[in-house]
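In my numbering, the protein residues as written are 51 to 1307.
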């Protein structure tokens, strides 16, 4: 129903000419006066150009004023022509998203000679020190400045803005917002996936930290709006190459002799190209080309990095000789003669070495962006564009890096998006018109985005049975006999395995080598490999067995990458805006419609902490095979002869499967309570056996290629909640499906084989928003007043009551039951204060005889109606006991669920700025921001199907509501000198309904963990910014932010340790983990000009530093908080022992961090051609970019017990010495632990050096 309403709403909106909410447009307002009389000039033709293409035109009114409303952000040239004045062109006029660029009092001069009326005076636009439209706080960085920065990404640019912090992994926090609360927009498209673009495609990066206009929604942090360059009327382009060195692998197949030659050790290489120009030109009557009808811009980047995230101090690896020794002899017998040990446990420090780059961690990124402009006239514009980012390479794992770097996983990520934008404007040109309507425009944009993500082992891909395959095991079975109770017959009592023959596989050669050596070490099978269990118990491997970790510190050599996954996310948006200029008001209206389809399929560990990796599929397949013929057919004895005069009686296997009995060869499934597994039935068919037969099948003797996932039913793969496969938007086999999840069908629909279908549709949330905004200026005061309404529908079922997976009686129903049968329900006594909808709890689920309490929402009452804090006091003898309507129910049914209730949020936005004087400006804003839930909301029916076995896992909450932020800020900007200004702004943010993990104690049938809108917080701060425009050779921006971010949770999982310890659901205010108390950012650019503008040293007329510059970016941040630890624990292990906090939550601070990045560049002008009038010009730019110039080891993480980044105190702690000394090899353990505890990820990245050459033409 809600979807129908959406489309009706959209249809009505379109019919009245109002399009959809469009972000990414600004406007130009100005006036024209005579240079001598200072009087306004009317009827001046004002023409807007971008890349030589006319983008609009207007005339000044009787007051000399003009306006270009809603133009795409970017750089423009504005030309003024009057019949009596010399034409003037302002070049490089910057327009930012949702801001007004003022060109007030533009002066035109009358020429001394009338012949000069056609000569256009070109003047470079100077960005004013104080923007009149300063209500939206933040900063805009243009293409010219981006080119000089030692940065290539929008996130890196944003990190230089006051109030913005970038983590070491690239995540952005704006004014204390949570990571992920800031949205990227590229040309008005809301970005899902990567925001990576070629640097040459960037026109500007605008960062909004406060005063978010009503045209933006679904965000509680900030906005990073990226505008790409537009096409041009003339051809131009660039080619760029960047390198830090080259990697040569050498002859060793896994790179032991690989080397990097170059400026640093990380082999960064990039090639980027860009070209733009006209595709189709308009011609005049004489056939001369005049202006482009079609223009294009295309840019692309190829980037290879041997080590995308270099490590300070390098990375440890096992030496080649030690590795080969382990492959040849992985085991050694125990001293007791029982079992074997992995030789990895006996290696010492001299068996390892350090490398300057990480092994096998290479990644490649290909990105591209394109745009086509259709120039149909100054009032109509049609643009098509898109961008792409393909990122593929290895999934580096620290715990695999020492022994097992060869087996890192592969990840392929592809994000692409396309859009089309149509814009049309109308202007009231009626002479003498009294209408206050000056202009009207509308635009419409449709964009579509798609993201793919794949994770897999390079060798095995999605062949799940390859992951755990060791070899081929052929078991010889014999029947076993014993005398019956009367002692007169020898009767068969079962079967036993007498020997397992083994042939190694080359699929996982390291696995195979372990079992091969085990067989060589034990030529006698007795007690060693009479059966599969003995192989496992003595330290060798069967199919599906996992290698033990090396002391719990490092993953063992040869372990396959333990994951496979794929996802596909689609997003369709229809956006736009309609605006009408009435008097001095620019009134915008719009709506935005967005539909998503998210799909995922892969190994169970991606969907639940109870899920399994692919290796163990062999174990479960072995359990499923032959389970229905495990007993003997005792009703049909077979005389096998006699032994010593005693009759020998045997039996066939008893087949309890449906196919062998009532099914007549057909599988029965859950619909017929079939005791034969679907996998067993299908595998028998696959290998040519009768699926209803009694043959004992040993799956370990078959090649993994014989097996497939479609042999299993969905429930068999779910494995009682410890699932091997999870999915949504796909079926169990990984095939994409359409439709939505129907909870009733999920629990009740069977397929043609009698198996539950278990259909799970894609996650399909819908988002729609509408806004009205009035942006106007009055006596130099700029107002932006608006209101936005966001509507979010998760389009999925949710529990009616999060505490009940099965229906239970409320007070109203309890009273009804008693009234119908008072004699049997005389124990039903309900206090008068209990509401009719309160849930009733009794003393026993199956046989209630007493009311123990009641519940309303999350408020609990005892049998007397008194509120209680601890619900455990109303438990029955077997635990909490709601009065169920169907006590025999074991799985949820559809009537326990209802549709998600649409979340509607109204968000007023008010911002204004006004001049205090000619050299000072005041600004303020009040915003309410909301953001849809992005963590733990997707409904997964598997969680509810296996709630009792998954109660220790985190269950998604399908009823999460949007998060909210209320933002207040104000400040002023003051001119300091002719070329500099200072801005001071203060902000206060309230964060409400933030998502946090929690326990639902005494839920039925089990207490479970889930997410809720529980957290709140406040962020207070002041930002001081100094802006020095180019003064002589120097350009400087600097900012300082003082911030206090406190709340009850830093992210959705920050309370997990408390939840896991079953602590009460208490919330405490403490400093958030991203509470960056002090933050400084400096950008300094020192540059020499050319020609007459050069003021540097010269030798014999040679200008040594002509067109040469130095750009420095420095970031200084105080340490982020952490919680001090009371006890010493094994923090460096893969699964550390438990820890105990001391002091207050996040009461300690990490050290300050400091970074200094530098770029030195020089540009040479190149000329081609001899004819002075036909010369072509090009530019060659050479630069050296150095990040972390001083190679400073910033500490970004510490061990909580010691407060240091390289020692957790474990090896020296007295309480752990007995444990350490009991290891197989104490010295080996100490050496391996020391390598692990000195985790280089506790430090920021080391210095990198890159040389670049760029050719512009």
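The C-beta atom is built at its ideal place from N, Cα and C for all residues, glycine as well. Note that this is a predicted model, so its numbers are computed, not measured.
Discussion item. Quick check on the burial criterion: 16 or more other C-beta atoms within 10 angstroms. Buried or exposed for residue 384?
Written reply: exposed
Practice prompt. Just grab the DSSP bridge partners of residue 975 for me.
Written response: 961 and 1019
Worksheet item: Thinking C-alpha only, which one of 160, 142 and 262 is nearest residue 836?
Response: 262
Fill in: Any alpha helix (DSSP H) of 4 or more consecutive residues that is wholly inside the segment 983-1057
991-995
Worksheet item: What residue range is occupied by the uninterrupted alpha helix (DSSP H) comprising residue 275?
Response: Taken as a continuous stretch (DSSP letters only), residue 275 belongs to no alpha helix (DSSP H), being part of the beta strand (DSSP E) at 273-278.
Fill in: 7 Å Cβ shell around residue 72 - same chain, five flanking residues per side excluded
Annotation note: pLDDT 45 at residue 72 (below 50); position unreliable, no value reported.
Worksheet item: On the three-state DSSP scale, how would you describe residue 570?
Response: helix
Discussion item. Check whether the segment 89-103 and the segment 116-124 touch, using three or more Cβ-Cβ pairs below 8 Å as the test.
Written reply: yes
Discussion item. Taking the alpha-carbon of residue 914 as reference, which of 908, 924 and 907 has the nearest alpha-carbon?
Written reply: 924
Worksheet item: Which residue's Cα is closest to the Cα of residue 1126: 1184, 1244, 1203 and 1162?
Response: 1203
Worksheet entry | Buried or exposed (CB count within 10 angstroms, at least 16 for buried), residue 909 | exposed
Worksheet item: Can you pull the DSSP bridge partners for residue 443?
Response: 413 and 461
Worksheet item: If you count every other CB in all the chains shown that lies within 10 Å of the CB of residue 1293, and 16 or more means buried, which is it?
Response: buried
Practice prompt. Decide if residue 1303 is buried, meaning its Cβ has at least 16 other Cβ atoms within 10 Å, or exposed.
Written response: exposed
Worksheet entry | Residues near residue 1044 by beta carbon distance below 6 Å, same chain, minus five either side | 1013 and 1065
Practice prompt. Taking residue 1257 and residue 398 to be in contact with their CB atoms under 8 Å, please state how far apart those CB atoms are, rounded to whole angstroms.
Written response: Contact flag wrong, Cβ pair sits at about 20 Å.
Worksheet item: Just to confirm, does residue 1227 get its C-beta within under 7 Å of one of the non-hydrogen atoms of the ligand GDP?
Response: The ligand GDP is not among the ligands present in this structure, which contains no ligands whatsoever.
Practice prompt. Report yes or no: do the segment 830-848 and the segment 663-678 share at least 3 C-beta pairs separated by less than 8 Å?
Written response: no
Worksheet item: Hey, residue 1218 and residue 287: beta-carbon distance below 8 Å or not?
Response: no
Worksheet entry | Close Cβ partners of residue 353 (< 6 Å) along its chain, the five nearest in sequence each way excluded | 320 and 415
Practice prompt. Pick out whichever of 1051, 530, 1250 and 1237 has its Cα sitting closest to the Cα of residue 314.
Written response: 1237
Practice prompt. Report yes if the CB atom of residue 838 is closer than 8 Å to the CB atom of residue 267, and no otherwise.
Written response: yes
Item to complete: Spell out the partners DSSP gives residue 1191 in its beta bridges.
Response: 1175
Practice prompt. May I have a chain-ordered list of the beta strand (DSSP E) segments no shorter than 3 residues that lie completely inside the segment 363-394?
Written response: 365-368, 381-383 and 390-392
Worksheet item: Is residue 72 helix, strand or coil by DSSP?
Response: Caution applies to residue 72, whose pLDDT of 45 falls short of 50 and renders its modelled position unreliable; the model cannot decide the point.
Discussion item. With H, G and I counted as helix, E and B as strand and the rest as coil, what does DSSP make of residue 1106?
Written reply: helix
Worksheet entry | Boundaries (first-last residue) of the alpha helix (DSSP H) holding residue 869 | 861-870
Discussion item. Comparing C-alpha positions only, which one of 579, 945 and 1118 sits nearest to residue 1067?
Written reply: 1118
Practice prompt. Report all residues from its chain with a CB closer than 6 Å to the CB of residue 1008; omit the five preceding and five following residues, and keep chain order.
Written response: 846, 848 and 989
Worksheet item: Does the beta-carbon of residue 897 have 16 or more other beta-carbons within 10 angstroms, so that it is buried, or is it exposed?
Response: exposed
Fill in: DSSP three-state assignment for residue 953, whether helix, strand or coil
strand
Worksheet item: Mind checking residue 606: buried by the 16 CB within 10 Å criterion, or exposed?
Response: buried
Discussion item. Less than 8 Å between the beta carbons of residue 1137 and residue 1083, yes or no?
Written reply: yes
Worksheet item: Near residue 1207, which residues of its chain fall below 8 Å by C-beta distance, leaving aside the five closest residues on each side in sequence?
Response: 200, 201, 1162, 1163, 1164, 1235, 1236, 1237, 1238 and 1239
Fill in: From 178, 636 and 139, residue whose alpha carbon lies closest to that of residue 172
139
Fill in: Spatial neighbours of residue 1261 in its chain, beta-carbon cut-off 8 Å, leaving aside the 5 residues before and after
1270, 1280, 1283, 1284 and 1287
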